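Data first, discussion second: the structure below is written as structure tokens.
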Amino acid sequence: MPSLQNSKARFSSEIMYGVCTACAFLIIVILTLITGYLLFIGFHSLNWHFFANLPQNDPPGMRNSIEGTIILVALAAGAGIPIGMMAGIYLSEYDANSMLAAPVRFVSDVLAGVPSIVVGILGYELVVVPMGTYSGWAGAASLAFIMIPIVARTTEEMLRLVPGSYREASIALGATKAGTIMRVVIPSATGSLVTGAMLAIARVAGETAPLLFTAVGSPYLVHNPSQPFPSLTLRIYELSNEPSPEARSQAWSGILVLIALIFIVNLSVRYFTRQRK
17 MPSLQNSKAR FSSEIMYGVC TACAFLIIVI LTLITGYLLF IGFHSLNWHF
67 FANLPQNDPP GMRNSIEGTI ILVALAAGAG IPIGMMAGIY LSEYDANSML
117 AAPVRFVSDV LAGVPSIVVG ILGYELVVVP MGTYSGWAGA ASLAFIMIPI
167 VARTTEEMLR LVPGSYREAS IALGATKAGT IMRVVIPSAT GSLVTGAMLA
217 IARVAGETAP LLFTAVGSPY LVHNPSQPFP SLTLRIYELS NEPSPEARSQ
267 AWSGILVLIA LIFIVNLSVR YFTRQRK
């Protein structure tokens, strides 16, 4: 009887292993098909003029949109990641069970699920209206607002995975609470924290709705965030609504470049954090 039960358990385990393997393979196939489709459609419009020219040039390019996206994401990450990480550290290391922690977690979860267009309206009311103009600052603030709850909750969960014995050993050696967090806890979770930050960056890099209400876009090469600011996602949205096949082909190329930028940022950050670790 025990032998029969063991055989059934082994058979069930093998079945589940096969199902999990098939699902993992299916994800790889889907990702490969999507990437191949983007390469097939978008690669035709990729040339030197695409990266060097502006939309009003002949042939048109996306230099301003590419640079604008990089600047917007950098500004948003510069504000959103530190604030989100500090909030996550507070929830995990200081007052995990206090009366303030539960509302902060609840608000973070709610904000993480708020539609991005609502964030765009909020950025319009809080930044565009007081400034009196659409601007890159307003766009970056909206993107940072999207990043903060994602980074905060990811940071909290990843720091909770660090064994408590690490903290106890550090404090026993005379380290302060802040020193333990900075020199023991955070380095132990560096890889996971970087992954959470990259997920937040990937999320905001593809957002269009918040920028429609804040940055608006610009056909010119703009580096001053106080002015209406260009973005790849806005330019892709504009080109996708045009009837010209050339414009739509360039929109596909813009999507391909956007994915490539996110991929390069992920690889670069992981490489440098691994070397430092």
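Numbering-wise (the numbering used here), the sequence shown opens with residue 17 and increments by one. Every residue, glycine too, gets a C-beta built ideally from N, C-alpha and C. Treat the numbers as computed from the prediction; the structure is a model and nothing was measured.
Worksheet item: Whose C-alpha, out of Gly96, Pro235, Ile252, Ala276, is nearest the C-alpha of Ala156?
Response: Distances from the CA of Ala156 to each of Gly96, Pro235, Ile252, Ala276 were compared; the closest alpha carbon is that of Gly96.
Item to complete: Can you give me the Cβ contacts of Met214 inside the same chain, cut-off strictly under 6 Å, excluding the 5 residues immediately before and after it?
Response: Hits under 6 Å: Asn282.
Worksheet entry | Inter-residue Cα distance where the pair is Ala185 and Val201 | Those two C-alpha atoms are separated by around 11 Å.
Worksheet item: Under the rule that 16 or more other beta-carbon atoms within 10 Å means buried, what is Leu88, buried or exposed?
Response: The residue is buried, with at least 16 neighbouring Cβ atoms inside 10 Å.
Item to complete: Could you tell me whether the Cβ atoms of Pro165 and Ala128 are closer together than 7 Å?
Response: Result yes, Cβ atoms of Pro165 and Ala128 sit closer than 7 Å.
Worksheet item: So Ala221 packs on Thr51, CB below 8 Å; how close in whole Å?
Response: 17 Å between Cβ atoms; not a contact.
Discussion item. On the DSSP letters alone, give me the boundaries of the alpha helix (DSSP H) that Phe66 sits inside.
Written reply: Where Phe66 is concerned, the enclosing alpha helix (DSSP H) starts and stops at 64 to 68.
Item to complete: Tell me where the alpha helix (DSSP H) around Asp125 begins and ends.
Response: Residue range 117 to 128 is occupied by the alpha helix (DSSP H) that includes Asp125.
Fill in: Endpoints, alpha helix (DSSP H) assigned at Asn80
Where Asn80 is concerned, the enclosing alpha helix (DSSP H) stretches over 79 to 105.
Worksheet item: Three or more C-beta pairs closer than 8 Å, one from the stretch 51 to 68 and one from the stretch 235 to 252: is that the case here?
Response: With a cut-off of 8 Å, the stretch 235 to 252 and the stretch 51 to 68 do not count as touching, because too few Cβ pairs lie within range.
Practice prompt. Starting from Pro165, trace the alpha helix (DSSP H) both ways and give me its first and last residue.
Written response: Where Pro165 is concerned, the enclosing alpha helix (DSSP H) stretches over 152 to 176.
Worksheet item: Rounded to the nearest angstrom, how far is the Cβ of Leu248 from that of Gly212, given a contact under 8 Å?
Response: Not confirmed; about 23 Å, so no contact.
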